[in-house]
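Trainee: Those sequence lines, one after another, are chains A and B. Heads up, the first sequence is in the UniProt record's numbering, so the first residue is 1 and it goes up one at a time. Heads up, the second sequence is in the UniProt record's numbering, so the first residue is 1 and it goes up one at a time. Think of the CB as a built atom: it goes at the ideal place given N, C-alpha and C, for glycine as much as any other residue. Questions regarding the structure given below will be posed in turn.
Number of protein chains: 2
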Amino acid sequence: MRTTCFSLKRRIAVLSETRRYDLTEKTCTIGGMSLNAARHWLSGSEEINAMLLLRRCHSLTRFGPVSIQRHPVAPAVASCAVRLRSNSGGEDQRSYRRAHSPSWRHGLAGLLAGTGTVLAYGLHKHKAEQVDTIRTPTLETTLPFPIFSQEEVTKHRSLEDGVWVTYQGGVYDITEFVAMHPGGNKIMLAAGGAIEPFWALYAVHNQEHVLEMLSEYKVGELSAEDRKKQQAVKSSDPYSSDPERHPVLHINNLKPFNAEPPPEILSDSYITPSAFFFKRNHLPVPPVDPASYQLHVEGLPRGALTLSLEDLKTKFPKHTVTATLQCAGNRRSEMNTVKQVKGLNWGIAAISNATWSGANLRDVLMAAGYGPDVAQWARHVQFEGLDHDVTGSTYGASIPLNKAVSEEGDVLLAYEMNGKELPADHGFPVRVVVPGTVGARNVKWLGKIIVSSEESSSHWQQNDYKGFSPGTDWDTVDFKSAPAIQELPIQSAITTPADGAVVDRSEEEVIVKGYAWSGGGREVVRVDVSLDGGKTWQVAPLRTSDKGQAAEPSPPPGRAWAWKLWEVTAPLPPGAQELEIVCKAVDNSYNMQPDTVPPIWNLRGVLSNAWHRVKVKIREDEEE
Amino acid sequence: MRTTCFSLKRRIAVLSETRRYDLTEKTCTIGGMSLNAARHWLSGSEEINAMLLLRRCHSLTRFGPVSIQRHPVAPAVASCAVRLRSNSGGEDQRSYRRAHSPSWRHGLAGLLAGTGTVLAYGLHKHKAEQVDTIRTPTLETTLPFPIFSQEEVTKHRSLEDGVWVTYQGGVYDITEFVAMHPGGNKIMLAAGGAIEPFWALYAVHNQEHVLEMLSEYKVGELSAEDRKKQQAVKSSDPYSSDPERHPVLHINNLKPFNAEPPPEILSDSYITPSAFFFKRNHLPVPPVDPASYQLHVEGLPRGALTLSLEDLKTKFPKHTVTATLQCAGNRRSEMNTVKQVKGLNWGIAAISNATWSGANLRDVLMAAGYGPDVAQWARHVQFEGLDHDVTGSTYGASIPLNKAVSEEGDVLLAYEMNGKELPADHGFPVRVVVPGTVGARNVKWLGKIIVSSEESSSHWQQNDYKGFSPGTDWDTVDFKSAPAIQELPIQSAITTPADGAVVDRSEEEVIVKGYAWSGGGREVVRVDVSLDGGKTWQVAPLRTSDKGQAAEPSPPPGRAWAWKLWEVTAPLPPGAQELEIVCKAVDNSYNMQPDTVPPIWNLRGVLSNAWHRVKVKIREDEEE
């Protein structure tokens with residue numbers, strides 16, 4: 001039974017991974033084996049039996065990759081032994097988890113590295129809870145871990161050959177964990193090598209439960225000689241050169257740095273001061289020397305063009321655009337109240353408005369040789385940041401070519417924000433500003449521009465920042481089936497009062513403030529505000545400047561890049577004990593915000609733009 | 001009391017009209033008097049008293065325009081007398097209305113001339129019902145109607161001088177009715193003259209309750225001489241040259257012709273056959289001789305350019321675009337279920353998809369002298385149709401200049417629809433096709449193109465086809481406060497099964513079909529379908545061609561002009577007695593449809609794009 005279970009488990013795992021990768025990558029090859037081939041291992045009733053067995057199989061049973069036959073006996077046996085040992089310890093671990101559940105949840109909220117995150121720990125837990133119908137085997141083993149050379153470890157760099165990593169001298173077969181990894185495929189970068197540098201990069205891993213999970217996958221020890229070599233390579237903190245930040249920011253993740261200002265700051269200033277502008281980094285802030293900075297433009301017929309910062313500033317006209325940037329995950333926390341999603345738990349302030357100055361991307365592309373001939377084949381403009389992980393892999397994204405080259409696209413290679421050089425957190429010395437487009441495409445610390453027939457192949461373009469149906473889960477999601485988010489939908493939120501605020505009856509009125517913005521240059525034309533949960537509505541006056549300042553001139557059609565702020569002062573309804581204040585905005589394509597969150601819920605928690613609602617209590621004046 | 005009441009009534013009516021016109025037109029001049037000046041008539045407590053008196057005043061009291069002093073005594077007295085007589089008959093009329101309420105409602109649903117319609121009859125009724133606290137005076141009069149010459153009638157052509165019309169020899173002072181007229185200001189065209197030709201044009205007036213309303217405003221008789229002259233002018237039916245239509249169409253209004261196909265026809269054919277393509281005419285179909293047809297292009301520095309049909313076909317490249325057109329009022333009937341709106345009671349089929357061929361508007365504008373110099377000052381391109389009312393006033397609309405001149409705007413001067421010359425109902429010989437833009441701007445029977453710094457001044461651009469907050473009513477609406485609808489928001493609907501359909505349990509599954517489309521060239525990327533009212537969702541496969549045909553190539557970004565059809569086959573949920581089938585679509589800006597109708601309700605019933613819902617009963621198999 002145990003062997004069967006292991007074996008079936010392995011096969012099912014492959015099947016399950018196959019389906020997963022089939023959907024994600026549209027390739028059915030796991031180790032060169034097609035999905036159908038994998039299914040053939042277990043056909044007909046055998047497959048059903050296998051599924052039933054799997055369901056009853058009572059632990060996170062793993063096995064060496066590929067099959068017993070292809071492994072030296074010793075590791076295979078060791079693997080079994082380890083498995084059983086970790087099973088026996090499983091109860092303790094689960095008890096531990098239960099006891100520490102709140103801190104685990106807390107940890108999760110802050111988890112969320114720059115890349116996608118799966119509720120890995122949750123999946124673990126779920127699996128563990130599924131299997132309580134059969135008693136856990138109690139066989140203990142005292143077999144020592146086998147010793148592997150680094151060379152042996154390095155052979156395991158794929159799902160077919162197994163995915164092994166080392167950590168502090170231990171060897172871990174994490175093949176099965178790959179599908180559960182919060183950071184998605186990124187984990188494969190560590191395959192066959194030491195995991196420490198990645199954990200230093202993605203500091204989210206420095207948590208007890210992560211080590212705990214890893215320990216379950218131990219299959220051996222690294223040879224003493226290789227261990228010594230490894231220790232010579234010190235890991236340093238790649239975030240050590242990150243800039244200082246304003247303490248008022250609410251930090252969603254420290255490394256990489258992700259933070260938003262208190263919402264009321266947003267409506268206090270039409271232009272968000274740079275220090276308060278929300279920060280959304282995917283990697284450490286790269287230190288860039290402006291004197292030696294180079295921007296490479298590639299993919300055009302004249303060959304690569306390299307520009308210095310000075311070139312950008314002096315060879316191209318300087319354009320200034322006021323544009324609002326919004327993270328795709330803004331207001332994700334509201335989706336989490338429906339059902340847990342993966343991603344940073346942003347409130348309503350992952351959006352800000354600034355004035356950006358720089359060269360027009362269009363002008364730079366023209367200078368680099370863009371013309372009608374290129375328009376024949378090119379479809380996208382890719383950007384690469386100078387921010388990178390330990391393998392040198394950089395942040396990347398792309399936008400459609402027509403946005404990049406349109407005279408009305410207003411895409412900037414910005415070197416100024418709010419009239420000063422870009423702050424480090426916002427892409428010093430040069431970033432892309434793609435007005436009307438999701439923050440993720442506004443690549444910071446810009447290093448390279450590539451005109452291409454293809455979208456960026458980066459994780460963030462292909463397997464992140466996409467929207468799905470509420471019925472789509474991590475087992476069924478096919479990232480190829482959805483377009484990369486570019487223009488964002490209509491959005492608005494109430495910055496003040498805060499949810500749960502209390503207003504004294506004696507104040508007689510409530511002042512409600514907020515922001516409204518739409519992607520694609522669509523101008524916000526109306527904001528409706530309700531104090532009774534959406535039964536009745538009033539229209540909020542909009543403004544495009546600070547109070548008392550002259551309004552900005554109306555933007556040309558399709559080029560309304562900046563948000564509008566709004567404010568209503570409404571008398572407290574007599575008799576009401578609580579207000580449910582709601583706002584919803586309308587843009588000039590008359591798109592409206594959806595009423596509620598559940599029907600737009602999606603597994604990644606992006607595009608959260610339902611009506612924003614805050615409840616406010618009215619405190620009656622105390623009787624004498 | 002009566003005199004006071006009359007006098008106050010007149011003043012209040014002016015005030016109320018002033019406010020109305022102030023909001024609508026941003027001018028405060030009623031008869032050269034500013035709103036504040038009018039208020040000064042009744043200031044402070046006098047105004048409040050007047051309001052109270054008005055509220056208690058017990059009839060639709062009218063008075064001759066301006067003041068008694070400015071009228072000959074006879075008409076003024078007659079006017080009073082008529083008023084009283086009609087008051088005394090008021091009860092009968094109200095009883096009649098109540099008794100005929102259903103037919104009235106039915107009449108209203110079909111009312112709706114080409115221009116905007118106010119619930120005039122409803123306003124009458126409302127006023128009548130407000131005043132039942134004081135007994136109706138019963139004074140009868142036998143005074144004969146005074147006799148007026150046509151010359152005298154013709155003097156009354158403004159709100160200041162009074163608005164008089166003649167009908168079958170009667171003279172009517174309709175000053176007070178102007179603000180209630182379903183067709184808005186258009187009624188002023190008839191001021192001072194005979195109303196028959198207009199009623200022939202807008203055949204909606206040929207209803208009993210319209211005559212009934214008119215009779216209340218009678219103030220005199222036309223002189224025998226002028227009456228004879230008038231009778232010599234026969235009114236002819238301007239719709240006599242309208243084309244034959246397919247009898248399957250559901251007619252919402254006959255003159256002008258407005259009709260939609262049965263919804264299931266839409267999803268049966270990716271390209272809607274022209275005969276079934278929804279028809280939305282604002283005026284009679286103008287008969288146009290293609291040999292003498294002329295298109296005038298004005299507003300450009302080289303002076304006017306005149307093109308024949310042959311010119312259009314031979315001097316410019318022929319472009320073909322598949323584009324969906326949708327009426328702003330599509331799905332208005334769903335808004336009517338929330339609260340009555342004004343407008344044709346469209347179902348879900350005021351949308352269709354066709355292939356259009358013609359010259360690019362851009363090419364024609366270039367040929368006419370458009371260039372960067374024009375771009376400096378021009379902002380809009382106006383279109384005038386050859387369809388006109390009895391005064392010669394034509395249908396008109398405009399679009400933003402950037403849409404018109406963009407290479408990616410794909411605006412056509414189309415002379416073919418689905419591979420054949422345009423049918424008469426669709427604009428023969430030439431119409432504008434503005435892909436991604438509300439039907440109303442796709443001007444048919446195109447006569448003139450004007451490049452301008454201003455939008456079209458037509459009623460349909462300025463005081464119609466705009467969206468408002470659900471809290472905005474006809475007393476508070478300011479048409480200047482909302483932008484003219486251009487791009488439409490994301491839309492989808494279920495074409496089959498129909499609401500109320502019955503499915504036999506033995507069928508085991510239900511096939512759900514529909515369409516999805518978004519304005520502005522935004523591609524529909526997903527349609528979610530629910531069988532349980534929106535609790536759970538599945539993704540519907542989309543198609544861009546007829547079944548079995550190769551899919552159209554994916555459109556360039558921002559140029560997805562054609563709808564997508566979708567279909568799901570879903571097993572009948574066990575135990576369910578009724579399904580609430582819901583669909584909602586998402587475009588590539590990730591805009592979603594709002595959940596429900598009430599929060600997007602607007603007084604004109606446009607932009608109705610909430611989730612579409614149909615209820616289907618499941619009939620259990622009969623027991624033997």
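Closer than 8 angstroms by beta-carbon distance: list the chain B residues that pair up with alanine 482 of chain A, in chain order.
Mentor: Going along chain B in sequence order, the residues near alanine 482 of chain A (Cβ under 8 angstroms) are Val525, Arg526.
Trainee: If we count the other Cβ atoms within 10 Å of its Cβ and call it buried at 16 or more, is arginine 619 of chain A buried or exposed?
Mentor: Burial call: exposed.
Trainee: Isoleucine 265 of chain A lies in the beta strand (DSSP E); which residues open and close that run?
Mentor: Unbroken run through isoleucine 265 of chain A is the alpha helix (DSSP H), 263-268; no beta strand (DSSP E).
Trainee: Determine the closest residue to lysine 255 of chain B out of B:His296, B:Asn281, B:Thr320, B:Phe276, with distance taken between C-alpha atoms.
Mentor: Looking at the Cα atoms, B:Asn281 is the closest of the given residues.
Trainee: Can you pull the DSSP bridge partners for serine 352 of chain A?
Mentor: According to DSSP, serine 352 of chain A bridges with A:Leu325.
Trainee: Where does arginine 94 of chain A sit, in a helix, a strand or coil, going by DSSP?
Mentor: Residue placement at arginine 94 of chain A is poorly supported in this model, since its pLDDT is 34, which falls under 50; the coordinates still yield a value, given next. Looking at arginine 94 of chain A - three-state DSSP - the assignment turns out to be helix.
Trainee: Drop a sphere of 10 angstroms on the beta-carbon of serine 269 of chain A, count the other beta-carbons inside from all chains shown, and report buried for 16 or more, exposed for fewer.
Mentor: Classification for serine 269 of chain A: exposed.
Trainee: Valine 512 of chain B versus chain A: which residues are under 7 angstroms apart at the beta carbon?
Mentor: In chain order: nothing, as chain A lies at least about 15 angstroms away.
Trainee: Report yes or no: do the stretch 482-496 of chain A and the stretch 428-443 of chain A share at least 3 C-beta pairs separated by less than 8 angstroms?
Mentor: Counting Cβ pairs under 8 angstroms, three or more are found: they touch.
Trainee: Is the Cβ of proline 470 of chain A closer than 9 angstroms to any Cβ of chain B?
Mentor: For proline 470 of chain A, the answer is yes, since a Cβ of chain B falls inside 9 angstroms of its Cβ.
Trainee: Below 8 angstroms, how does it come out for the stretch 325-333 of chain B and the stretch 601-612 of chain B: are there three or more Cβ pairs, yes or no?
Mentor: Yes, the stretch 325-333 of chain B is in contact with the stretch 601-612 of chain B.
Trainee: Say whether chain A places a C-beta atom closer than 9 angstroms to the C-beta of methionine 592 of chain B.
Mentor: Interface residue, yes.
Trainee: Taking only three categories from DSSP, how would you classify isoleucine 195 of chain B?
Mentor: Looking at isoleucine 195 of chain B - three-state DSSP - the assignment turns out to be coil, as it is neither helix nor strand.
Trainee: Below 8 angstroms on C-beta distance, what does tryptophan 537 of chain A contact in chain B?
Mentor: Near tryptophan 537 of chain A (Cβ distances below 8 angstroms), the residues of chain B are Ser469, Pro470, Gly471, Pro599.
Trainee: Do serine 469 of chain A and aspartate 528 of chain B have their CB atoms nearer than 9 angstroms?
Mentor: Against a cut-off of 9 angstroms, the Cβ pair of aspartate 528 of chain B and serine 469 of chain A comes out as a contact.
Trainee: In angstroms, rounded to a whole number, what distance separates the CA positions of arginine 604 of chain B and lysine 342 of chain B?
Mentor: Distance between the alpha carbons of arginine 604 of chain B and lysine 342 of chain B: 5 angstroms.
Trainee: Flag this pair as touching only if the stretch 560-573 of chain A and the stretch 298-318 of chain A have three or more C-beta atom pairs under 8 angstroms; answer yes or no.
Mentor: Touching, no.
Trainee: How many Å lie between tryptophan 474 of chain B and alanine 482 of chain B at the Cα?
Mentor: Answer to the nearest angstrom: the Cα atoms are 14 angstroms apart.
Trainee: Alpha carbon to alpha carbon, what distance is there between glycine 514 of chain B and glutamate 264 of chain B?
Mentor: Roughly 8 angstroms separates the two Cα atoms.
Trainee: Any residues in the stretch 320-340 of chain A with a beta carbon nearer than 8 angstroms to a beta carbon of chain B? Which ones, in chain order?
Mentor: Result list empty, no residue passes.
Trainee: Let me confirm a value: glutamate 507 of chain A is counted as buried when at least 16 other C-beta atoms fall within 10 Å, else exposed. Which label applies?
Mentor: Classification of glutamate 507 of chain A: exposed, given that the 10 Å Cβ count is below 16.
Trainee: Taking the beta strand (DSSP E) that alanine 516 of chain A falls in, what are its first and last residues?
Mentor: Run containing alanine 516 of chain A: 509-517, per the beta strand (DSSP E) assignment.
Trainee: Give a yes or no on whether 9 angstroms exceeds the smallest Cβ distance from glutamate 176 of chain A to chain B.
Mentor: It does not: the Cβ of glutamate 176 of chain A has no partner Cβ on chain B nearer than 9 angstroms.
Trainee: Strictly under 9 angstroms for the Cβ-Cβ distance: is threonine 596 of chain B near chain A by that measure?
Mentor: Chain A contact via Cβ: present.
Trainee: Can you list, in chain order, the residues of its chain with a C-beta nearer than 8 angstroms to that of lysine 615 of chain B? Leave out the 5 residues immediately preceding and following it.
Mentor: Closer than 8 angstroms at the Cβ level, and outside the excluded window around lysine 615 of chain B, lie Asp499, Gly500, Glu578, Leu579, Glu580, Ile581.
Trainee: Starting from threonine 166 of chain A, trace the beta strand (DSSP E) both ways and give me its first and last residue.
Mentor: It spans 162-167 - the beta strand (DSSP E) in which threonine 166 of chain A sits, taken as one unbroken run.
Trainee: Go ahead and label glycine 314 of chain A buried or exposed: buried means 16 or more other beta carbons lie within 10 angstroms of its beta carbon, across all protein chains shown.
Mentor: According to the sequence provided, residue 314 of chain A is threonine. The question's glycine does not apply to it. It counts as exposed.
Trainee: Between isoleucine 450 of chain B and chain A, is the shortest Cβ-Cβ distance under 9 angstroms, so that the two count as touching?
Mentor: Not an interface residue.
Trainee: Name the residues in the stretch 565-589 of chain B whose C-beta lies less than 8 angstroms from a C-beta of chain A; which are they?
Mentor: Residues passing the 8 angstroms Cβ filter: Lys584, Val586, Asn588, Ser589.
Trainee: Taking only runs of the alpha helix (DSSP H) that begin and end inside the stretch 457-481 of chain A, which ones reach a length of at least 4 residues, in chain order?
Mentor: Those alpha helix (DSSP H) runs which fall completely within the stretch 457-481 of chain A and span 4+ residues are 459-462.
Trainee: Step through the CB atoms of chain B and report whether any lies within less than 9 angstroms of the CB of leucine 222 of chain A.
Mentor: Judged by the 9 angstroms Cβ criterion, leucine 222 of chain A is not in contact with chain B.
Trainee: Using a Cβ cut-off of 7 angstroms, pull out every chain B residue sitting near glycine 534 of chain A, in sequence order please.
Mentor: The contacting residues are Pro599.
Trainee: Can you name the start and end residues of the beta strand (DSSP E) that proline 400 of chain A belongs to?
Mentor: From DSSP, the beta strand (DSSP E) with proline 400 of chain A extends over 394-400.
Trainee: Kindly list the residues whose CB is nearer than 7 angstroms to the CB of tryptophan 346 of chain B, restricted to its own chain and excluding five residues on each side of it in sequence; keep chain order.
Mentor: Counting only Cβ-Cβ distances below 7 angstroms, and skipping sequence neighbours, we find Asn252, Glu260, Cys327, Gly329, Asn330, Arg331, Arg332, Ser333.
Trainee: What does histidine 380 of chain B pair with, by DSSP beta-bridge criteria?
Mentor: Histidine 380 of chain B is bridged to B:Pro400, B:Ser452.
Trainee: If you follow the alpha helix (DSSP H) that glutamate 151 of chain A is in, where does it begin and where does it stop?
Mentor: 150-154 is the span of the alpha helix (DSSP H), which, as asked, contains glutamate 151 of chain A.
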